[in-house]
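Below is one structure, written out as structure tokens, with a few remarks after it.
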Amino acid sequence: MSAKSTQILDEIYARLLERYGPQRWWPGDGPLEVMVGAILVQNTAWRNAEKAIANLKRGAALSVEGLLKLGPSELAERIRPAGYFNRKAERLLSLLRFLMEKYQGDLERMRSESSSKLRAELLEVKGIGPETADAILLYALGHPVFVVDAYTYRIFRRHALVSEETSYEELQEIASGGSAELERYQEFHALLVRVGQDYCKTREECEGCPLKGVNW
DNA sequence: CACCAGGCAAGTA
DNA sequence: TACTTGCATGGT
């Protein structure tokens with residue numbers, strides 16, 4: 400990690416924060432709800448995932464055992480608004496069973512394990528890939544890791560900061576430069592999604608983008 | 001009407 | 001190993 404790339408990353412972060420301010424993703428709803436949200440939002444607009452979470456909370460607060468008791472069909476029915484509801488119901492159940500088997504549902508204890516161990520374990524769970532694993536680490540468990548998503552790819556490529564064939568882990572490594580505070584990781588990812596939605600969906604719409612001109 | 005959203009795994013060659 | 005396809009609702 401060169402001093403120069405650190406400087407660019409700090410520049411990008413500063414510009415985004417100035418334009419949009421703190422995003423405060425997943426502030427205080429508890430680690431389980433954040434994990435559930437991380438699965439429900441896969442390739443889906445957040446507002447749809449939000450409706451699904453509201454349906455899950457109907458009647459009782461979210462708990463590992465409570466959700467397990469719903470079973471596949473009831474779970475699927477409740478999360479219908481999030482799309483891919485059958486797949487996501489299975490993915491939620493995989494996660495919940497993992498939490499019970501490895502940590503007896505104790506997310507506070509889970510949190511104190513190392514990031515690398517947790518990441519490896521999460522990737523073993525069917526339905527959890529690199530982005531979801533990192534989102535869980537970052538927003539549910541409070542570990543400082545950079546979450547790479549489709550917008551991160553688009554934005555870094557558009558500014559010629561990485562090449563076409565850069566892998567997830569490579570981009571994660573590159574983007575992890577600069578300050579390493581938890582809050583910065585959390586805000587950085589959210590801000591990239593935000594600016595991506597505003598300016599980086601298609602080839603056009605670069606006019607007014609706060610990142611215009613950034614380059615190595 | 002078409003297109004896509006804070007992915008992932010399974011199938012195919 | 002490298003590509004392609006299925007999953008699905010809701011907003012623009």
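Counting in the working numbering, the first sequence runs without a single skipped number right up to 615 at its last residue.
Backbone N, C-alpha and C define an ideal beta-carbon position, used for all residues, glycine too.
Item: Tell me the residue span of the alpha helix (DSSP H) that contains Leu466.; Value: Val463 to Arg477
Item: Which of the three DSSP states, helix, strand or coil, is assigned to Lys600?; Value: coil
Item: Please report the straight-line C-alpha distance between Asp505 and Gly612, rounded to a whole angstrom.; Value: 46 Å
Item: Taking Ala444 as the reference, give the member of Tyr483, Leu466 and Asp428 with the closest Cα.; Value: Tyr483
Item: If we ignore side chains and look at the alpha-carbon of each, how far apart do Leu536 and Arg418 end up?; Value: 26 Å
Item: Quick check: what's the CA-CA separation for Gly458 versus Gly465?; Value: 11 Å
Item: For Val463, I'd like the list of residues in its chain whose CB is within less than 7 Å of its CB, leaving aside the five on either flank, ordered along the chain.; Value: Leu431, Leu495, Leu498, Met499 and Gly504
Item: Could you give the distance in angstroms between the alpha-carbon of Asn614 and the alpha-carbon of Ala475?; Value: 45 Å
Item: Taking 8 Å as the limit between beta carbons, can you name the residues of its chain near Ser493, skipping five residues before and five after?; Value: Val524, Lys525, Gly526 and Ile527
Item: Please list the terminal residues of the continuous alpha helix (DSSP H) segment that includes Ala413.; Value: Ala402 to Tyr419
Item: Less than 7 Å between the C-beta atoms of Ala539 and Val440, yes or no?; Value: no
Item: Distance, Cα to Cα, Lys456 vs Lys403?; Value: 47 Å
Item: When the distance is taken between beta carbons, is Thr405 closer than 7 Å to Gly577?; Value: yes
Item: In the DSSP assignment, find the unbroken alpha helix (DSSP H) run with Pro609 in it and report its ends.; Value: Counting along the chain, Pro609 falls outside any alpha helix (DSSP H), and DSSP gives it neither H nor E.
Item: Pick out the complete alpha helix (DSSP H) segments inside the stretch 525 to 574, 4 residues or longer, and give them in chain order.; Value: 529 to 534, 549 to 557 and 567 to 574
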